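**Q** This is the structure I have questions about; it appears just below.
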Amino acid sequence: MTATGPDFLALQVHDPEVAARFFETHLGLHRAPTSPPGAVVFPTEPIPFAVREPLPGTDPAAASPGPGHGIALWIAVEDADALHTRLTEAGVRTLQEPTDSPFGRMFPFVGPEGYVLTAHTAAD
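So this is what it looks like as structure tokens:
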């Protein structure tokens, strides 16, 4: 299994609607026709961008944030379920089981130095 690179970028914020209005108003971004609950997606190119509620266990306002705190980086993978199994067996901390999203199968895990990354298999 080989990762093909980042394929989604999201900022974790306490109020996605307020943050989305900022990007609409100040950067001229336009919302995608659909977004998952708790998020607003913008179909930017070459990588889609979103603002979203924090992932489980993440608080963007924490006094001592870890590396990349408040930013969600999704990594494109061939098979999210297979990678989840491989990471779990290797003792890598995963934050939830793989789930279906409007964009495909995904799950967050803790990478090097505490970065929270999301493995993502695009929907066909």
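If you're matching positions, the sequence shown starts at 1 in full-length UniProt numbering and goes up one per residue. All C-beta atoms in this analysis are idealised placements derived from N, C-alpha and C, irrespective of residue type, glycine included. Nothing here was measured: the structure is a model prediction, and the numbers come from that model.
My guess is that residue 23 and residue 42 are in contact by the Cβ rule of under 8 Å, so how many angstroms apart are they, rounded?
**A** For the purposes of this step, residue 23 is taken as the residue at position 23 of the sequence shown. For the purposes of this step, residue 42 is taken as the residue at position 42 of the sequence shown. The pair is a contact, with the Cβ atoms about 7 Å apart (cut-off 8 Å).
**Q** Where residue 81 and residue 124 are concerned, what is the direct C-alpha to C-alpha distance, given to the nearest angstrom?
**A** The residue given as residue 81 occupies position 81 in the sequence shown. The residue given as residue 124 occupies position 124 in the sequence shown. Whole-angstrom Cα-Cα distance: 15 Å.
**Q** Tell me the DSSP secondary structure of residue 34 in three-state form.
**A** Taking the sequence shown and counting its residues from 1, one reaches residue 34 at position 34. Residue 34: coil per DSSP, three-state reduction.
**Q** In or out: residue 54 buried (at least 16 other Cβ within 10 Å) or exposed?
**A** Here residue 54 corresponds to residue number 54 of the sequence shown, with the count starting at 1. Residue 54 is buried by the Cβ-count criterion.
**Q** Which whole runs of the alpha helix (DSSP H) in the UniProt domain "VOC" (5–122) are 4 residues long or more, in chain order?
**A** 16–27, 80–89, all fully within the UniProt domain "VOC" (5–122).
**Q** With 16 as the cutoff for other CB atoms within 10 Å, does residue 92 come out buried or exposed?
**A** Stepping through the sequence shown from its first residue, residue 92 is reached at position 92. Exposed, since its Cβ has fewer than 16 Cβ neighbours within 10 Å.
**Q** Whole angstroms are fine: how far does the CA of residue 4 sit from the CA of residue 75?
**A** Taking the sequence shown and counting its residues from 1, one reaches residue 75 at position 75. Taking the sequence shown and counting its residues from 1, one reaches residue 4 at position 4. Whole-angstrom Cα-Cα distance: 7 Å.
**Q** Let me know if residue 30 comes out buried or exposed under the rule of 16 or more other beta-carbons within 10 Å of its beta-carbon.
**A** As a working mapping, residue 30 is identified with position 30 in the sequence shown. Residue 30 is exposed by the Cβ-count criterion.
**Q** Classify residue 13 as buried or exposed, calling it buried when 16 or more other Cβ atoms lie within 10 Å of its own Cβ.
**A** Counting from 1 along the sequence shown, the entry for residue 13 is found at position 13. It is buried - the Cβ of residue 13 has at least 16 other Cβ atoms within 10 Å.
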